[in-house]
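See structure below.
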Amino acid sequence: MSPNGSDLPHGPTGVGGTPTSRRPVRRWLPRALAAGLVLATATGCSYKDYPRLGLPSPATEEAPRILALWQGSWAAALATGVLVWGLILWSVIFHRRSRTKVEVPPQTRYNMPLEALYTIVPILVVAVLFYFTARDESKILDTSKKPQHVINVVGFQWSWGFNYVENVDGNPATPVGVPPNLREIPANKLDLPPGAEGVYEVGTPASKNPETGLPGPTLWLPEGQSVRFVLTSRDVIHSFWIIPFLMKMDVIPGHTNVFQVTPDKLGIFKGKCAELCGQDHSRMLFNVKVVTPAQYQQHLKDLARAGQTGYIPAGIPTTGNAKNSEPKTT
1 MSPNGSDLPH GPTGVGGTPT SRRPVRRWLP RALAAGLVLA TATGCSYKDY PRLGLPSPAT
61 EEAPRILALW QGSWAAALAT GVLVWGLILW SVIFHRRSRT KVEVPPQTRY NMPLEALYTI
121 VPILVVAVLF YFTARDESKI LDTSKKPQHV INVVGFQWSW GFNYVENVDG NPATPVGVPP
181 NLREIPANKL DLPPGAEGVY EVGTPASKNP ETGLPGPTLW LPEGQSVRFV LTSRDVIHSF
241 WIIPFLMKMD VIPGHTNVFQ VTPDKLGIFK GKCAELCGQD HSRMLFNVKV VTPAQYQQHL
301 KDLARAGQTG YIPAGIPTTG NAKNSEPKTT
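Each residue of the sequence shown is one higher than the one before, counting from 1 in UniProt numbering.
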């Protein structure tokens, strides 16, 4: 070894042989990560400015809210991932063992600020996600506004039936009262229009849309008009899912679920049962055809001329504790 130690390994040096410091890098790295987090989450862009991340293009006035919640959840997950990955890389790079020092670094048993941080931050993340989910869910499931159309969707093994609760003949005096096949539905959820003698469409697994050849019966909806879906089941739990509507809801025997949408895109869309309901669950398919209001009214008249007037049985009676939560319908 030389007397002045010139043959010993040296770390990086700056101007004049002064060792360079890692402090500037350590100081700016958290700021850069914070800036990236702000850019990813605090911009004023709408849902249209981001990719749909696997979801189809929305086809109702309510669907963009669902898409925006989906995109926001992914943006928050990505920002959290970037932060975590950044901290991992920062620890790997700046806390690696020095080549000139082989001693064991000081061991810290507790770090209360750090432990408080990784306890509080996840709670805040969950609280924020819960807030936005609860806010959007309350809007999506709001049925306080009277709908322009009411359709009772009946699920059964292994297809679907659609009761169009409409005053097809234009006479508000007929029928009087709730039709027998709809009496199992609570009055506040059915919201029966005056004179709604109704028409129906019922399918089988072998049914097909004549225009597209797609399997299942076809549900017709008017563009730009609000529709209330009243969901009932005759046997087991199903799930009513119109894919481009970005909305699905369980169809439960002995219990009535409702939600409202306003279709805003013409076309034929796919629907299916999203609940494993038995052997032929995969065949519980249907189609949704969104047409102009005039075409919708003409379709109702066509069903009436074909003899499909009245309603198919909606479902089984509400019993047990569920019955106590439903208002009387008579």
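Built from N, CA and C at the ideal position, the CB exists for glycine as well. Bear in mind that the values here come from a model prediction, so they are computed numbers and not experimental data.
Checklist entry - With distances taken between CB atoms, is the gap from G254 to I316 smaller than 7 Å? => result Along the sequence shown, read from residue 1 onward, the residue named residue 254 stands at position 254. Along the sequence shown, read from residue 1 onward, the residue named residue 316 stands at position 316. Cβ atoms of G254 and I316: closer than 7 Å.
Checklist entry - Looking only at its own chain, which residues have a Cβ that is under 7 Å from the Cβ of W158, when we skip the five neighbours before and after it? => result Counting from one through the sequence shown, the residue named residue 158 turns up at place 158. Contacts found: P205, D280, R283 and M284.
Checklist entry - So L190 and V168 are in contact, right, with Cβ under 8 Å, and what is the actual spacing, rounded? => result Counted from its first residue, the sequence shown places residue 190 at position 190. Counted from its first residue, the sequence shown places residue 168 at position 168. Between V168 and L190 the Cβ distance is about 17 Å, and since that is not below 8 Å, they are no contact.
Item to check | Top-ranked residue by Cα proximity to K272, from T262, L117 and P244 | outcome: Here residue 272 corresponds to residue number 272 of the sequence shown, with the count starting at 1. Minimum Cα distance to K272 is reached at P244.
Next on the checklist: On a Cα-Cα basis, can you pick out the residue from Q71, A79 and N287 that is closest to G213?
Outcome noted: Start at 1 with the first residue of the sequence shown, and residue 213 comes out as number 213. With distances taken between Cα atoms, G213 lies closest to N287.
Checklist entry - Looking only at C-alpha atoms, which of N163, V236 and G198 sits nearest to F229? => result Residue 229 sits at position 229 when you count from the first residue of the sequence shown. Comparing Cα positions, the closest option is N163.
Next on the checklist: With a threshold of 8 Å, are at least 3 pairs of Cβ atoms found where one atom belongs to the segment 249-269 and the other to the segment 230-240?
Outcome noted: yes
Item to check | Cβ separation of Q260 and T133, assumed to be a contact under 8 Å, to the nearest whole Å | outcome: Residue 260 sits at position 260 when you count from the first residue of the sequence shown. Residue 133 sits at position 133 when you count from the first residue of the sequence shown. With a Cβ gap of about 19 Å, Q260 and T133 do not count as contacting.
Checklist entry - Would you report the Cα separation of L69 and G195, rounded to the nearest angstrom? => result Locating residue 69 in the sequence shown gives position 69, counting from the first residue. Locating residue 195 in the sequence shown gives position 195, counting from the first residue. Their Cα atoms are separated by approximately 40 Å.
Checklist entry - Where does L303 land, buried or exposed, given buried means 16+ other C-beta within 10 angstroms? => result On the sequence shown, position 303 is the one that residue 303 refers to. It counts as buried.
Next on the checklist: With the cut-off set at 7 Å, would you say N188 and A314 are in Cβ contact?
Outcome noted: As a working mapping, residue 188 is identified with position 188 in the sequence shown. As a working mapping, residue 314 is identified with position 314 in the sequence shown. For the pair N188 and A314, the CB atoms are not nearer than the 7 Å cut-off.
Item to check | First and last residue of the uninterrupted alpha helix (DSSP H) at S159 | outcome: On the sequence shown, position 159 is the one that residue 159 refers to. S159 -> not in any alpha helix (DSSP H); beta strand (DSSP E) instead, spanning S159 to V165.
Checklist entry - Are G161 and V202 close, meaning C-beta to C-beta below 7 Å? => result What you label residue 161 is simply residue 161 of the sequence shown in a count that begins at 1. What you label residue 202 is simply residue 202 of the sequence shown in a count that begins at 1. Cβ distance < 7 Å, so G161 and V202 count as in contact.
Item to check | For N171, three-class secondary structure by DSSP | outcome: Stepping through the sequence shown from its first residue, residue 171 is reached at position 171. Three-state DSSP puts N171 in coil, outside helix and strand.
Checklist entry - To which residues does DSSP link P215 through a beta bridge? => result Numbered from 1 along the sequence shown, position 215 holds the residue referred to as residue 215. Its beta-bridge partners are K208.
Item to check | Nearest-angstrom beta carbon gap, N181 and Y296 [assumed within contact, 8 Å] | outcome: For this step, residue 296 is matched to residue 296 along the sequence shown. For this step, residue 181 is matched to residue 181 along the sequence shown. Not quite, the Cβ-Cβ distance comes to about 22 Å (not below 8 Å), so this is no contact.
Next on the checklist: Only counting the same chain, and skipping five residues up and downstream in sequence, which positions put a Cβ closer than 6 Å to that of E275?
Outcome noted: On the sequence shown, residue 275 is found 275 positions in, with the first residue counted as 1. Exclusion of the five residues before and after E275 leaves I237, H238 and S239 as the residues of its chain whose Cβ lies within less than 6 Å of its Cβ.
Checklist entry - Going by DSSP, what residues sit across from F247 in a beta bridge? => result Locating residue 247 in the sequence shown gives position 247, where the first residue counts as 1. Looking at the sequence shown, residue 247 is not Phe but Met. Answer is I242.
Checklist entry - Which whole-angstrom value is the C-beta distance of V227 and K265, which I expect to be below 8 Å? => result Along the sequence shown, one-based indexing puts residue 227 at 227. Along the sequence shown, one-based indexing puts residue 265 at 265. In fact, because the Cβ distance is near 14 Å, the residues do not count as touching under 8 Å.
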